[in-house]
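Residue numbers (my numbering): 569 to 1072.
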């Protein structure tokens, strides 16, 4: 109880409140701008957190994380261009309601209401389930941690929607990056090429900024002279959902929040998956199926409550197991590690107050998101008029300043730029960036615990299968790794069979 009171007093300071509020505002703006993403915003702002007092930096990132997911709905509804991939399903009914029915305020109000509900629901789930999962994880030793890391690496196939092979290539590339530097057990240099800079291993933050922010900025240059959207006036009085709308969408919002939280807690998933699953379920359970695609309130509510519910869900594996639930939480993992806080089961015993502060911070971020959404919709829509010609130089400036500020090293800036150029070509070739980050983060964890397990067992591989938890994670890893391959093969065979039957 004392830790909770300390956490409350720690969060409710003017500094932390402003950090959460500022992060939420920045997140909404970033999410509303097509071409940007929550991960890009988190990566750009991450270096700023290292100069902030206490947990103010991570509080700001929580605000950005929540706000950016919601912000994507603004452009999805008003201009039929989702600000983030998680809001793609929102455009199906949000844009028709805003244009065909001429009710943009109603559409934005439903989206804001559903987003806030989903975020607060997932926050409650985080508070309940992450400590329980952490208690189980306290029984882990080296074999269990290796099996857990192996399971985390295996989800590379599930987050590589376009190409499983390209996802695996990206994951292996990340694993190789994790091998660079001095071996912690033997002290031998690996892949340093006699470079003093590489002896300490890959600089995680410049790599993140380069792959996510700088690379996306290079892509946006191609559209620098693209469309500048027209101004849209929204009547704020009509933004809050009516009693009839709330009554109609409550079941959808609750169901989608549950689904979104569960999906978010599965490493490798994200808001885009959650929004489509929730949208399909809403349509399946709806009594007004004919309205879907033509401005259905349930369609908007399902997508937005589902994708915002992943915020708390994705933090469950991060805080309790040290496994990032998605690319956004991978960035927050970097922030926590730079503060000397290692996410995992020991976090709940060694940094109990910190955990409570994160819970409260996430709750406040969602509350601010709702208040800003209802009170500031008219102002946030103005960011849609910002041209890429203005936005791109700002992005690049943040990337350069942020990379340099970490260690005051120009080498970090050069490394960030090289990473960004590589990331640009990877994106052009339809490679997915998250598998690279996942391979880098989990590779060192898997390697160190694998070698430690073999030392403790006298070189016996049986130790990984004799322990129940370790064996279960290895089994889950095999299922996660091969199920997409089997499913893809089965679909191809089924398609060939249909083609043969049609030809006959």
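By construction, the Cβ of each residue, glycine as well, lies at the ideal position given by its N, Cα and C atoms.
1. Give the straight-line distance between the Cα atoms of residue 648 and residue 1015, rounded to the nearest whole angstrom.
2. For a test of your reading of the model: does the CB of residue 1058 fall under 7 Å from any non-hydrogen atom of the ligand ATP? Yes or no.
3. Hey, out of 842, 666, 777, whose CA is closest to residue 656's CA?
4. What residues are listed by DSSP as bridge partners for residue 749?
5. Per DSSP, what kind of secondary structure is residue 1035 in: helix, strand or coil?
6. Please work out which residues of its chain come closer than 7 Å, Cβ to Cβ, to residue 637, disregarding the five sequence neighbours upstream and downstream, and give them in chain order.
7. Less than 8 Å between the beta carbons of residue 747 and residue 934, yes or no?
8. How would you write the range of the alpha helix (DSSP H) that residue 877 sits in, first residue to last?
9. For residue 992, I'd like the list of residues in its chain whose CB is within less than 6 Å of its CB, leaving aside the five on either flank, ordered along the chain.
10. With a cut-off of 8 Å, do at least 3 Cβ pairs link the segment 914-934 to the segment 577-592?
11. Taking all protein chains shown into account, do 16 or more other C-beta atoms lie within 10 angstroms of the C-beta of residue 795, making it buried, or fewer, making it exposed?
12. Kindly indicate which three-state DSSP category residue 1054 falls into: helix, strand or coil?
13. Below 8 Å, how does it come out for the segment 731-743 and the segment 1006-1015: are there three or more Cβ pairs, yes or no?
14. How about residue 702 and residue 913: are their beta carbons less than 8 Å apart?
15. What first and last residue would you give for the alpha helix (DSSP H) that runs through residue 815?
16. Please check the pair residue 925 and residue 579, which I expect to be a contact at CB under 8 Å, by giving their CB distance rounded to whole angstroms.
17. Between the alpha carbons of residue 571 and residue 921, how many angstroms are there, rounded?
18. Exposed or buried, residue 873, counting other C-beta atoms within 10 Å across all chains shown (16 or more means buried)?
19. Residue 871: which of 590, 594, 644 sits nearest, CA to CA?
20. Quick check on residue 885: does DSSP put it in helix, strand or coil?
21. Note the first and the last residue of the continuous alpha helix (DSSP H) segment covering residue 891.
22. For the alpha helix (DSSP H) containing residue 784, name the first residue and the last one.
23. Might you give, ordered along the chain, the residues of its own chain that have their beta carbon closer than 6 Å to the beta carbon of residue 999, omitting 5 neighbours on each side?
24. To the nearest angstrom, report how far apart residue 761 and residue 1022 are at their CA atoms.
25. Taking residue 825 and residue 916 to be in contact with their CB atoms under 8 Å, please state how far apart those CB atoms are, rounded to whole angstroms.
26. What did DSSP end up calling residue 703 once you bin it into helix, strand or coil?
27. Alpha helix (DSSP H) containing residue 661: first to last residue?
28. Quick one: using the 10 Å Cβ neighbour count with 16 as the cut-off for buried, is residue 798 buried or exposed?
29. Are residue 971 and residue 629 close, meaning C-beta to C-beta below 8 Å?
30. Measure the CB-CB distance between residue 1040 and residue 708 and report whether it falls below 8 Å.
31. Do residue 664 and residue 944 have their beta-carbon atoms positioned less than 8 Å apart in this structure?
32. Which one of 690, 818, 923, 854 has the shortest CA to CA distance from residue 828?
33. Express the C-alpha separation of residue 612 and residue 594 in angstroms, rounding to a whole number.
34. For a quick check, are the C-beta atoms of residue 749 and residue 720 less than 8 Å apart?
35. Helix, strand or coil, according to DSSP, for residue 998 in the structure here?
36. So the alpha helix (DSSP H) residue 572 belongs to, where does it begin and stop?
Walking through what the data contain:
1. Distance between the alpha carbons of residue 648 and residue 1015: 46 Å.
2. In the structure shown, the ligand ATP is absent, as is every other ligand, since no ligand is present at all.
3. Ranking 842, 666, 777 by CA distance to the CA of residue 656 puts 842 first.
4. By DSSP's assignment, residue 749 forms a beta bridge with 758.
5. Reduced to three states, the DSSP call for residue 1035 is coil.
6. Non-local C-beta neighbours of residue 637 in its own chain, meaning closer than 7 Å and more than five positions away in sequence, comprise 599, 606, 652, 654, 839, 875, 876, 879, ordered along the chain.
7. Their beta carbons are not under 8 Å apart, which means residue 747 does not touch residue 934 by this criterion.
8. Where residue 877 is concerned, there is no enclosing alpha helix (DSSP H), given that its DSSP letter is neither H nor E.
9. Taken in chain order, the residues that qualify are 783, 786.
10. The segment 914-934 vs the segment 577-592: in contact.
11. Low per-residue confidence applies at residue 795: pLDDT is 48, beneath 50, and the placement is therefore not dependable, though the value from the model is reported in the following sentence. Looking at its Cβ environment, which holds fewer than 16 other Cβ atoms inside 10 Å, residue 795 is exposed.
12. DSSP places residue 1054 within a helical segment (H, G or I) once states are collapsed to three.
13. By the C-beta criterion, the segment 731-743 is judged to be in contact with the segment 1006-1015, since at least 3 inter-stretch pairs fall below 8 Å.
14. For residue 702 and residue 913, yes; Cβs fall inside 8 Å.
15. Per DSSP, residue 815 belongs to the alpha helix (DSSP H) from 811-833.
16. About 5 Å separates the two Cβ atoms, so the contact holds.
17. The C-alpha of residue 571 lies about 5 Å from the C-alpha of residue 921.
18. Under the 10 Å beta carbon count, residue 873 is surrounded by 16 or more other beta carbons and is classified as buried.
19. Checked all of 590, 594, 644; the closest Cα to residue 871 is 644.
20. Of the three classes helix, strand and coil, the one that applies to residue 885 here is helix, per DSSP.
21. Careful: residue 891 lies outside any alpha helix (DSSP H) and carries neither H nor E.
22. It spans 783-789 - the alpha helix (DSSP H) in which residue 784 sits, taken as one unbroken run.
23. Within the same chain, residue 999 has close Cβ partners 734, 738.
24. Taking the straight line joining both Cα atoms gives about 29 Å.
25. Wrong, their Cβ atoms sit about 24 Å apart, outside the cutoff.
26. Looking at residue 703 - three-state DSSP - the assignment turns out to be helix.
27. Counting along the chain, residue 661 sits inside the alpha helix (DSSP H) bounded by residues 656-667.
28. With a pLDDT of 49 at residue 798, under the threshold of 50, the modelled position of that residue is not reliable, and the figure given next carries that caveat. Residue 798 comes out exposed.
29. No, they are not a contact pair.
30. Taking 8 Å as the cut-off, the beta carbon of residue 1040 is found no closer than this to the beta carbon of residue 708.
31. One thing to note: residue 944 has its Cβ no nearer than 8 Å to the Cβ of residue 664.
32. Looking only at 690, 818, 923, 854, the smallest Cα-Cα distance to residue 828 is reached by 690.
33. The straight-line gap from Cα to Cα measures roughly 11 Å.
34. Cβ distance not < 8 Å, so residue 749 and residue 720 don't count as in contact.
35. In this structure, DSSP gives residue 998 a state outside helix and strand, which the three-state scheme calls coil.
36. From DSSP, the alpha helix (DSSP H) with residue 572 extends over 570-579.
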